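What follows is a short report on a single structure.
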DNA sequence: GCTTTGTGCCAC
DNA sequence: AAACGTGGCACAAAGC
């Protein structure tokens with residue numbers, strides 16, 4: 001079942017399964033493709049087991065080869081290393097080793113794996129450029145030995161079933177991340193340029209402000225009676241000028257400026273807004289991150305402590321709503337955009353076994369369900385109340401409704417309160433599937449020590465209290481955000497498998513995506529509780545149905561028969577901006 | 001000159 | 001309303 005891949009120093013690949021063998025690097029893609037193609041016989045497909053998904057899989061994808069299942073030793077090691085359910089294992093108790101030090105392989109460091117080369121790759125130009133060498137695995141990392149340690153740690157843990165699911169989900173997530181990097185997010189540079197030009201004026205020469213910003217800078221100076229030398233990009237200078245003009249702002253934050261009444265506020269807010277567009281997603285961004293009609297970022301699986309993904313490159317997880325108009329499906333294709341409604345409170349309800357809260361989400365909108373139960377008068381209060389419960393809010397409306405939520409949903413609220421108390425005590429909390437939080441670290445220790453020192457004053461005690469509560473908010477949120485991330489991993493894994501099973505639509509027009517996705521629906525974007533699938537138009541309805549089925553499957557995988565729903569909003573659109 | 005820190009805003 | 005979780009990123013200012 002597990003087929004472990006390793007690489008000799010000379011690049012030769014060793015394949016460890018029933019019949020261990022060595023293959024030249026150039027032969028790997030065809031070997032993997034042959035194993036994946038053998039689905040017609042009864043044997044299950046191999047679980048490709050490697051030190052790092054990017055290192056192996058990106059090359060395979062560039063050779064047009066997809067795999068069904070994998071096991072990412074680096075990612076699973078990280079989880080098991082600190083997982084409380086596996087705390088007694090040899091893996092968890094060993095001194096730090098090379099698997100702990102391993103960083104993810106950057107996509108740029110991975111060359112295409114041999115075989116199935118596209119014709120244009122054989123050009124003289126290509127021959128003149130030597131292929132990049134394969135990135136070397138870390139010294140002292142024997143993948144077979146590590147796999148055994150991981151299997152032992154899981155089998156001997158207090159929750160083998162859950163940890164096994166987490167390992168499979170994390171590994172599948174790594175496949176999805178590599179595939180989304182490979183396929184890219186469809187991006188229309190011309191549309192993006194039109195958005196920028198409409199808002200800012202035409203692209204200015206390097207080092208110059210766009211016309212609209214220049215005009216707003218002029219208005220800002222006029223409103224402040226400031227000299228032409230005033231640069232609105234300089235916070236200290238601008239604040240000084242505003243003070244001089246008696247504006248009364250303590251900072252340049254948007255929400256603070258919005259409270260003021262002064263002629264400078266309107267042009268300044270618009271300036272900040274457009275300046276942000278220019279610097280974060282302007283022409284430079286377009287030049288750097290979009291090529292051949294695709295935006296390619298690097299997803300970092302488990303890049304957030306809670307298990308959420310992060311990304312590096314282009315700020316992919318912060319794409320402003322305003323530029324999503326540039327995300328447009330290829331001709332003859334569409335985007336199926338799906339997001340989960342109120343994922344985190346639903347996950348909380350299921351973890352806590354809180355049937356009342358799960359029931360509030362039965363008809364769709366969970367916050368509306370809370371209102372319908374008579375707990376709070378408005379949807380807005382239900383929402384801020386639940387968010388406050390999960391984030392640790394202590395002020396305002398959120399704190400006001402918390403007691404009523406606690407009375408109606410004692411199990412759910414107790415779960416997050418317990419997680420907070422554990423964190424405040426310096427303890428570790430664990431998600432539903434077994435990812436544990438880091439310890440509080442030296443800042444927490446030092447704060448407590450400070451409060452007990454002989455010369456401790458009121459401020460030291462206050463600081464200790466603040467650090468303590470802050471860590472409690474972290475662990476409170478960790479269990480919910482982390483379990484939501486686990487649900488999302490299972491959702492993604494299921495979507496990925498189902499999309500491939502749909503196959504190519506007969507007669508569909510090929511898109512611009514590279515093999516193996518040129519004629520198949522594929523995941524193109526993922527944002528915590530939201531996915532974008534790029535699909536041939538003919539398959540839009542089928543894709544939507546599979547994405548919904550995948551959400552049901554994810555709920556069952558995590559929470560079995562517990563009656564909790566994960567309803568989706570699904571939209572089939574030409575542009576991402578048209579979803580919801 | 002360089003790197004680090006602070007500010008502020010975007011996403012969920 | 002602006003305190004209440006997780007991040008990435010760009011820029012200017014501060015520090016070396």
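Numbering (UniProt numbering), first residue to last: 1 to 580.
Idealized CB from N, CA, C, for every residue including glycine.
Model, not experiment: these values are computed from the prediction.
Exercise. When you compare each of 351, 345, 468, 350 to residue 370 by their alpha carbons, which one comes out closest?
Worked result: 345
Exercise. Where does residue 192 fall in DSSP's three states?
Worked result: helix
Exercise. Does the beta-carbon of residue 59 have 16 or more other beta-carbons within 10 angstroms, so that it is buried, or is it exposed?
Worked result: buried
For this session: Given a cut-off of 9 Å, decide if residue 515 and residue 64 are closer than it, judged by their beta-carbon atoms.
Result: yes
Exercise. In chain order, which continuous runs of the beta strand (DSSP E) of length 3 or greater are located wholly inside the stretch 24 to 53?
Worked result: 47 to 50
For this session: Less than 8 Å between the CB atoms is what I'm expecting for residue 409 and residue 383, so what's the real figure, rounded?
Result: Actually they are not in contact, since the Cβ atoms of residue 409 and residue 383 sit about 14 Å apart, beyond 8 Å.
Problem set entry | Rounded straight-line distance, which links the Cα of residue 218 to that of residue 240 | 17 Å
Exercise. Which word fits residue 244, buried or exposed, when buried means at least 16 other C-beta atoms lie within 10 angstroms of its C-beta?
Worked result: exposed
Problem set entry | Residues near residue 160 by beta carbon distance below 6 Å, same chain, minus five either side | 154
Exercise. Between residue 576 and residue 337, what straight-line distance do the alpha-carbon atoms span, to the nearest angstrom?
Worked result: 7 Å
Exercise. Leaving out the 5 sequence neighbours to the left and right, which residues in its chain are closer than 8 Å to residue 204 when beta-carbon positions are compared?
Worked result: 210, 211
For this session: Assign residue 88 to buried or exposed, taking buried as 16 or more other Cβ atoms, counted over all protein chains shown, within 10 Å of its Cβ.
Result: exposed
Exercise. Distance, Cα to Cα, residue 419 vs residue 202?
Worked result: 52 Å
Exercise. For the putative contact between residue 247 and residue 262, defined by C-beta atoms under 8 Å, what is the C-beta separation to the nearest angstrom?
Worked result: 5 Å
Problem set entry | Inter-residue Cα distance where the pair is residue 412 and residue 430 | 16 Å
For this session: Whole angstroms is fine: what's the gap from residue 555's alpha carbon to residue 329's?
Result: 29 Å
Exercise. Who are the Cβ neighbours of residue 579 in its own chain at under 6 Å, not counting the five residues just before and after it?
Worked result: 337, 571, 573
Exercise. How would you write the range of the beta strand (DSSP E) that residue 524 sits in, first residue to last?
Worked result: 522 to 526
Exercise. Counting pairs of beta carbons, one from the stretch 43 to 55 and one from the stretch 71 to 86, are three or more of them closer than 8 Å?
Worked result: yes
Exercise. Exposed or buried, which one is residue 120 when buried takes at least 16 other CB atoms within 10 Å?
Worked result: Any reading at residue 120 must be qualified, since the residue scores a pLDDT of 38, below 50, and its modelled position is unreliable; the value itself is stated next. Per the 10 Å Cβ criterion, exposed.
For this session: Report buried or exposed for residue 260, applying the criterion of at least 16 other Cβ atoms within 10 angstroms of its Cβ.
Result: exposed
For this session: Assign residue 284 to buried or exposed, taking buried as 16 or more other Cβ atoms, counted over all protein chains shown, within 10 Å of its Cβ.
Result: exposed
Exercise. Taking all protein chains shown into account, do 16 or more other C-beta atoms lie within 10 angstroms of the C-beta of residue 37, making it buried, or fewer, making it exposed?
Worked result: exposed
Exercise. Thinking C-beta only, is residue 163 closer than 9 Å to residue 82?
Worked result: no
Exercise. Is there contact here, the stretch 346 to 359 with the stretch 557 to 567, by at least three beta-carbon pairs under 8 Å?
Worked result: yes
For this session: Pull up the distance between the alpha-carbon of residue 335 and that of residue 172, whole angstroms please.
Result: 22 Å
Exercise. Whose C-beta lies closer than 7 Å to the C-beta of residue 56 among residues of the same chain, with five residues either side of it excluded?
Worked result: 5, 50
Exercise. Does the Cβ of residue 568 have 16 or more other Cβ atoms within 10 Å, making it buried, or fewer, making it exposed?
Worked result: buried
Exercise. If you scan the stretch 423 to 468 from start to end, which runs of the alpha helix (DSSP H) of 4 or more residues do you find wholly inside it?
Worked result: 441 to 452
Exercise. Would you call the stretch 501 to 511 and the stretch 441 to 461 touching, i.e. three or more CB-CB distances under 8 Å?
Worked result: no
For this session: Take the Cβ of residue 318 as the centre, count every other Cβ of all protein chains shown within 10 Å, and call the residue buried at 16 or more, exposed below.
Result: exposed
Exercise. How about residue 67 and residue 23: are their beta carbons less than 9 Å apart?
Worked result: no
For this session: Tell whether a beta-carbon distance below 9 Å holds between residue 333 and residue 536.
Result: yes
Problem set entry | Exposure label - residue 194; buried when at least 16 CB within 10 Å | exposed
Problem set entry | residue 131 to residue 538 span [Cα, whole Å] | Since pLDDT at residue 131 reaches only 46, below the 50 mark, its modelled position is unreliable, and no value is offered.
For this session: For residue 142, name the three-state secondary structure that DSSP assigns.
Result: coil
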